[in-house]
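J.: One structure follows; several queries about it will come next.
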Amino acid sequence: MQEREDDLRALGLKIKQHEDKLKLLKNKITKFDDNFDMIKNRQSSTSSAPKISEGESSHPNTEADIDEQILLHHANSAAGILCQMKTRHEAQAFKMPMLEDVVGVVATLANVQNDHLSTLLSEYLGVETMLAIVCKTNFGVGVLEIHNEDGSINKGFGLHGLGAAIGSALHDRFLVISLESLRPYPGKFVLDDPQRQLNILNPRLPNGQCPPGFLGFAVNMIKIDASNLFCVTPSGYGLRETLFYNLFSRLQVYRTRTEMMKALPLIIDGAVSLDGGIIRSDGVFYLGNR
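With UniProt numbering, the residue at position 65 of the sequence shown is 65, and numbering never jumps.
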């Protein structure tokens, strides 16, 4: 009798082991299907992206191009002053302690391969955020603007003083982001990915499949320079898991507005579609054309 119970117990253990292996295999198959669908959708969306104008490259947004646009339209902004220092006074900029902690302007710290998506994400963030200055530490933020004892701004120091010195007086408010104060992405990274994409779980329908038209998460669809992928913050984090995760969170990207609206129950942190749809995380919908 005891021998039979031992045999049954051993058989039950083997069945449990096989069930665990089967469950692991199903999870791997599901993950493979998700990755395959996302790659297929991304290839489709990228190949259909039109050029900006005849004879012009589909992806002209180099850092130099962006600097030029900032200088053209926002020369007297804080971002414009930094771009002037970088493009016209580079030698002096390297010697200025005030700028040692500055990583750059948000608009210049990443690029997007799809023109439609690039425009959409810029619109989603807004001009103020796109022109925000990014610093590594809170101390770096503090030296950009010095205040008098009465709380007024001392226009002879910081970016105000620098702007006045190069003929671009700074009058308006400007946004500065401290990487040190941002809460980084708490999860893991995609294994062996050179761009250190965040391993965020894809949205799933009740049948376990990704919703049709889902292309990925915005935070993973931007390309970041290799120098900004590691050890940008004092704690060793890169820009994707700090700056861009805080800007985009789990913002989803869809091929069309129709597909995005059908996936609405699965959208938590907002979504955009390549044909112009925008949904913010607080349930605010952008309607009409740009």
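The C-beta atom is built at its ideal place from N, Cα and C for all residues, glycine as well.
1) Which term fits Val272, buried or exposed, when burial requires 16 or more other beta carbons within 10 angstroms of its beta carbon?
2) For Leu215, which of helix, strand or coil comes out of DSSP?
3) Let's see if you can read the secondary structure: which residues bound the beta strand (DSSP E) around Gln84?
4) In whole angstroms, what is the alpha-carbon distance linking Ile279 and Met98?
5) Identify the continuous beta strand (DSSP E) that holds Gln252 and give its terminal residues.
6) Considering just the uninterrupted stretch of the beta strand (DSSP E) at Ala271, what are its terminal residues?
7) Hey, could you find the ends of the alpha helix (DSSP H) Ser118 is sitting in?
8) Please report how far the alpha carbon of Gly236 lies from the alpha carbon of Gly288, in whole angstroms.
9) Comparing the C-beta of Thr129 with each C-beta of chain C, is any distance below 7 Å?
10) Ala263: buried (16+ other C-beta within 10 angstroms of its C-beta) or exposed?
11) Going straight from the alpha carbon of Ala75 to that of Pro206, what length do you get?
12) Does Asn111 come out as helix, strand or coil in the three-state DSSP assignment?
13) Does DSSP classify Tyr286 as helix, strand or coil?
14) Would you grab the beta carbon distance between His89 and Ile166 for me? Rounded to a whole angstrom, and I think it's under 8 Å.
15) Could you have a look at Val232 and say whether DSSP puts it in helix, strand or coil?
16) Throw me the rounded Cβ distance for the Ile200 and Arg250 pair, which I believe falls under 8 Å.
17) Cutting at 6 Å between CB atoms, please list the residues of its own chain near Ile222, excluding the five before and the five after it.
18) I'd like the list of long-range same chain contacts for Ile268, defined as Cβ closer than 8 Å, with 5 residues on each side in sequence excluded.
T.: On the basis of the coordinates in this document:
1) For the purposes of this step, residue 272 is taken as the residue at position 272 of the sequence shown. Val272 should be labelled buried.
2) As a position in the sequence shown, residue 215 is number 215, starting the count at 1. Reduced to three states, the DSSP call for Leu215 is strand.
3) Against the sequence shown, residue 84 aligns to sequence position 84. Element bounds for Gln84: not the beta strand (DSSP E) but the alpha helix (DSSP H), 78-88.
4) On the sequence shown, position 279 is the one that residue 279 refers to. On the sequence shown, position 98 is the one that residue 98 refers to. If I take the Cα positions, the gap works out to 38 Å.
5) Taking the sequence shown and counting its residues from 1, the one referred to as residue 252 is at position 252. 252-254 is the span of the beta strand (DSSP E), which, as asked, contains Gln252.
6) Taking the first residue of the sequence shown as 1, we reach residue 271 at position 271. Note, Ala271: beta strand (DSSP E), 271-273.
7) Taking the first residue of the sequence shown as position 1, residue 118 is located at position 118. 115-125 is the span of the alpha helix (DSSP H), which, as asked, contains Ser118.
8) Taking the sequence shown and counting its residues from 1, one reaches residue 236 at position 236. Taking the sequence shown and counting its residues from 1, one reaches residue 288 at position 288. Computed Cα separation, rounded: 42 Å.
9) Considering every chain present, this structure includes no chain C. It has just one protein chain.
10) Working through the sequence shown from its first residue, we reach residue 263 at position 263. Per the 10 Å Cβ criterion, buried.
11) For the purposes of this step, residue 75 is taken as the residue at position 75 of the sequence shown. For the purposes of this step, residue 206 is taken as the residue at position 206 of the sequence shown. Their Cα atoms are separated by approximately 51 Å.
12) One-based indexing of the sequence shown puts residue 111 at position 111. In the structure shown, Asn111 sits in a strand (DSSP, three-state: E or B).
13) Within the sequence shown, the letter at position 286 stands for residue 286. In this structure, Tyr286 counts as strand in the three-state DSSP scheme.
14) Within the sequence shown, residue 89 is the residue found at index 89, counting from 1. Within the sequence shown, residue 166 is the residue found at index 166, counting from 1. Their Cβ separation, rounded to whole angstroms, is 7 Å, which keeps His89 and Ile166 in contact under 8 Å.
15) The count along the sequence shown starts at 1 and reaches residue 232 at position 232. Reduced to three states, the DSSP call for Val232 is coil.
16) Residue mapping note: residue 200 aligns to position 200 of the sequence shown, counting from 1. Residue mapping note: residue 250 aligns to position 250 of the sequence shown, counting from 1. Ile200 to Arg250, Cβ: 6 Å. Contact.
17) Numbered from 1 along the sequence shown, position 222 holds the residue referred to as residue 222. Here the set comprises Ala110, Val112.
18) Sequence index remark: in the sequence shown, residue 268 carries index 268 (1-based). Only Arg250, Ser281 meet the Cβ criterion.
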